[in-house]
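Peer 1: Below you'll find the structure I mean.
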């Protein structure tokens, strides 16, 4: 199997898993809603940036290291690692995970497992995967077009989510936020 096929297969599995999540993991009408259209903003940003990044990557504008398989292999590895981190975080939250920002009636803060190290590991995993997708094209423009706007959309969503968590948990969340980083353990 060549690298292009591997990239397509991994990307289709990734997209499929996100579509399934979107279909089955919405909040319930009784849950407190805080999303402020952030899920829509995120999906639109992802759709536009990934399509533009792929188009530019395929046209080879901004291509790095012609003939080298190192960056595409690193990109596939980052996509898979990011998916693993994302799904591990989602499974850690169990029924509390929703694709839209909401607080369930029986919501409790999760501060153990991967959440001991970062507050938003599911988003961190997604960002790692998107950076990997940009790398797959061995193209600096694709990396920037895919990574930067999507990162900005996730940061917007994190602000909304953290407002909801402060509203729901007050000082407990503020203390947790003070003791953990957003995406990268010990760094950011």
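Numbering (our numbering), first residue to last: 23 to 210. Cβ atoms here follow ideal geometry from the backbone N, Cα and C, with glycine treated the same way.
On the premise that residue 119 lies in contact with residue 112, defined as a C-beta separation below 8 angstroms, what is that separation, rounded to the nearest angstrom?
Peer 2: The C-beta separation of residue 112 from residue 119 comes to about 5 angstroms, placing the pair in contact by the 8 angstroms criterion.
Peer 1: Flag this pair as touching only if the segment 166 to 175 and the segment 97 to 106 have three or more C-beta atom pairs under 8 angstroms; answer yes or no.
Peer 2: The segment 166 to 175 vs the segment 97 to 106: no contact.
Peer 1: Within 10 angstroms of its Cβ, does residue 149 collect 16 or more other Cβ (buried), or is it exposed?
Peer 2: buried
Peer 1: Using the C-alpha atoms, what's the distance from residue 179 back to residue 143?
Peer 2: 13 angstroms
Peer 1: Where does residue 124 sit, in a helix, a strand or coil, going by DSSP?
Peer 2: strand
Peer 1: Enumerate, from N- to C-terminal direction, the unbroken alpha helix (DSSP H) stretches of 4 or more residues contained entirely within the segment 81 to 155.
Peer 2: Runs found: 92 to 115.
Peer 1: Helix, strand or coil for residue 161? Go by DSSP, reduced to three states.
Peer 2: Strand at residue 161.
Peer 1: Taking 8 angstroms as the limit between beta carbons, can you name the residues of its chain near residue 210, skipping five residues before and five after?
Peer 2: 203, 204
Peer 1: Please report the straight-line C-alpha distance between residue 40 and residue 122, rounded to a whole angstrom.
Peer 2: For residue 40 and residue 122, the distance between alpha carbons rounds to 13 angstroms.
Peer 1: Please classify residue 26 as buried or exposed, where buried requires at least 16 other C-beta atoms within 10 Å of its C-beta.
Peer 2: exposed
Peer 1: Leaving out five residues before and five after residue 36 in sequence, what residues of the same chain have Cβ atoms less than 7 angstroms from its Cβ?
Peer 2: Contacts found: 101, 105, 151.
Peer 1: How many whole angstroms separate the CB atoms of residue 154 and residue 99, which I take to be in contact at a CB cut-off of 8 angstroms?
Peer 2: 7 angstroms
Peer 1: Taking the Cβ atom as the reference point for each residue, do residue 92 and residue 115 lie within a distance shorter than 7 angstroms?
Peer 2: no
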